[in-house]
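Chemist: Here you go, one structure.
In the UniProt record's numbering, the protein residues as written are 1 to 205.
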């Protein structure tokens with residue numbers, strides 16, 4: 001079976017359609033078809049974003065997760081509840097590592113310190129029209145005392161932090177209360193790996 005690579009796509013032209021905090025590029029391109037020939041020239045719009053970091057803060061000693069809640073404009077037209085229950089997350093600025101972003105956002109958005117950090121996966125959330133790549137992490141935390149309202153006032157953030165048992169969080173995925181991709185992926189991963197994480201954590205320091 002043939003495996004295609006970046007060399008099997010020809011970018012004919014690329015123009016800027018909009019440039020602000022985000023960017024929209026207009027591309028004309030063609031790519032090889034599965035029969036080996038070249039397909040027709042296509043026009044596609046590409047939403048150009050910073051890559052993102054998402055962190056699942058998990059306390060293996062309490063078997064609990066720290067989740068945040070804030071309003072999301074993308075859900076306004078399609079949900080009666082645009083305040084989404086999410087992971088700690090942030091965008092990667094220039095010259096920042098994903099790990100640096102993870103630690104910073106944990107403090108800014110949730111008021112917690114990550115004891116350690118380990119990758120879960122990387123994925124493209126919407127590759128049909130966006131180039132965003134998400135770095136998904138598991139962060140070891142002490143959830144005792146976590147909670148309250150956090151976020152940066154100068155960025156208009158109003159973020160509620162709460163601690164959920166693993167069972168409660170997985171039930172919220174099952175019943176649709178949690179309905180965003182990063183949080184669903186991370187919690188399903190936790191459902192598979194929590195027993196191992198709890199064994200590896202040992203006694204609370």
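Beta carbons: idealized from backbone N, C-alpha and C, even for Gly.
So, do the region 25-34 and the region 104-114 have three or more beta carbon pairs nearer to each other than 8 Å?
Modeler: Counting Cβ pairs under 8 Å, fewer than three are found: no touch.
Chemist: How many angstroms separate the CA atom of residue 175 from the CA atom of residue 135?
Modeler: For the purposes of this step, residue 175 is taken as the residue at position 175 of the chain shown. For the purposes of this step, residue 135 is taken as the residue at position 135 of the chain shown. So the alpha carbons of these two residues sit roughly 26 Å apart.
Chemist: Mind checking whether residue 183 and residue 80 have CB atoms under 8 Å apart?
Modeler: Counting from 1 along the chain shown, the entry for residue 183 is found at position 183. Counting from 1 along the chain shown, the entry for residue 80 is found at position 80. Against a cut-off of 8 Å, the Cβ pair of residue 80 and residue 183 comes out as no contact.
Chemist: Taking 8 Å as the threshold (C-beta atoms), are residue 57 and residue 141 in contact?
Modeler: In the chain shown, counting from the first residue as 1, residue 141 sits at position 141. In the chain shown, counting from the first residue as 1, residue 57 sits at position 57. Yes, the Cβ-Cβ distance between residue 141 and residue 57 is below 8 Å.
Chemist: So the beta strand (DSSP E) residue 121 belongs to, where does it begin and stop?
Modeler: Counting from 1 along the chain shown, the entry for residue 121 is found at position 121. Its beta strand (DSSP E) spans residues 116-123.
Chemist: Identify every residue that forms a DSSP beta bridge with residue 70.
Modeler: Your numbering for residue 70 matches position 70 in the chain shown. For residue 70, which the question treats as bridged, DSSP gives the partners 84.
Chemist: Name the DSSP bridge partner or partners of residue 79?
Modeler: For the purposes of this step, residue 79 is identified with residue 79 of the chain shown, where counting begins at 1. According to DSSP, which records beta bridges pairwise, residue 79 is partnered with nothing at all.
Chemist: If I follow the unbroken alpha helix (DSSP H) through residue 185, where does it start and stop?
Modeler: Within the chain shown, the letter at position 185 stands for residue 185. Looking at the DSSP string, the run of the alpha helix (DSSP H) that includes residue 185 is 181-201.
Chemist: In whole angstroms, what separates the C-alpha of residue 204 from that of residue 61?
Modeler: The residue given as residue 204 occupies position 204 in the chain shown. The residue given as residue 61 occupies position 61 in the chain shown. Their Cα atoms are separated by approximately 6 Å.
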